[in-house]
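In UniProt numbering, the protein residues as written are 1 to 184.
Where a beta carbon is used, it is the ideal one built from N, C-alpha and C, also for glycine.
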Amino acid sequence: TGKCYHTFRGHSAEIVCLSFNPQSTLLATGSMDTTAKLWDLEKGEEVATLNGHSAEIIALSFNTTGDRIITGSFDHTVAVWDVGTGREQNILIKMLTNNNVTGKYELRSRACPCFCVQLWNALTGAHVATLAGHSKEVLDVCFDFAGQRIATASADGSARVYNAETKQCIAKLEGHEDEISKVS
Numbered sequence: 001t002g003k004c005y006h007t008f009r010g011h012s013a014e015i016v017c018l019s020f021n022p023q024s025t026l027l028a029t030g031s032m033d034t035t036a037k038l039w040d041l042e043k044g045e046e047v048a049t050l051n052g053h054s055a056e057i058i059a060l061s062f063n064t065t066g067d068r069i070i071t072g073s074f075d076h077t078v079a080v081w082d083v084g085t086g087r088e089q090n091i092l093i094k095m096l097t098n099n100n101v102t103g104k105y106e107l108r109s110r111a112c113p114c115f116c117v118q119l120w121n122a123l124t125g126a127h128v129a130t131l132a133g134h135s136k137e138v139l140d141v142c143f144d145f146a147g148q149r150i151a152t153a154s155a156d157g158s159a160r161v162y163n164a165e166t167k168q169c170i171a172k173l174e175g176h177e178d179e180i181s182k183v184s
């Protein structure tokens, strides 16, 4: 019907990313104001504000069960949050700044800083794998709903699909004349 059910207000700057939880009961928004917010879709109310990043949040996604959300920021960190409490569970990546380690986990190998995807264990912060193959920056990444495949989008005009268990590329999707900025 095109009816607007709710207008969510609360961020102090532009919203640049959003995601529904798997149950379609919550909406997460990430903003240039350095916060993410969780919204109850039925009531139209803010449930939680996720504070912890020092720069814009540019990507976010719920896990397949909807009890965790991951946020990516221009502060070079990826954080995992508990949806029920709104508390940060782990910082998975914290890049080096001025040759000083500024976070819990140092990225030791910089062989492919932008052209590959680094996989991390969300509970331990341990590096699991590197998915390589793109010739330019990776602009987006997502898991399928079953958690069996990982898709990547790149500035090189290709998308790739990896087996989440073996970490092997199982499909190269080529043919775009310009970058692919999103996969879902």
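Check	Outcome
Considering only C-alpha positions, which residue in the set Val128, Lys182, His127, Ala129 is nearest to Ser154?	Lys182
Does the pairing of the segment 168-180 with the segment 118-127 give three or more beta-carbon distances under 8 Å?	no
Please name the residue in Leu60, Ser184, Glu42, Gln148 whose C-alpha comes closest to that of His6.	Glu42
Return the chain-ordered list of same chain residues with a C-beta closer than 6 Å to the C-beta of His134, the five sequence neighbours on each side being excluded.	Phe115, Ser154, Asp156
Just tell me which of Ser158, Arg149, Glu56 has its CA closest to the CA of Ala164.	Arg149
With DSSP collapsed to three states, give me the class of Arg68.	strand
Counting only runs that start and end within the UniProt repeat "WD" (131-172), where is the beta strand (DSSP E) found for 3 or more residues in a row?	138-143, 149-154, 159-163
Near Glu65, what residues of its chain come up, given a Cβ to Cβ distance below 8 Å and the 5 sequence neighbours on each side ignored?	Contrary to the premise, residue 65 reads as Thr rather than Glu in this sequence. Correct list, in chain order: Pro22.
Closest by CA to Asp40, which one among Ser31, Leu27, Trp81, Asp33?	Leu27
With a cut-off of 8 Å, does the C-beta of Lys182 fall near any C-beta of chain B?	Absent here is chain B; the protein component of the structure consists of one chain.
Do the CB positions of Thr25 and His53 come within less than 8 Å of each other?	no
Note down the Cα distance separating Glu177 from Glu14, rounded to an integer number of angstroms.	29 Å
May I ask you to report which of helix, strand or coil DSSP gives Ala77?	The identity of residue 77 in the sequence shown is Thr, whereas the question assumes Ala. Here Thr77 sits in strand by DSSP.
For the putative contact between Gly84 and Ile58, defined by C-beta atoms under 8 Å, what is the C-beta separation to the nearest angstrom?	Actually they do not touch by this definition, with Cβ atoms about 24 Å apart.
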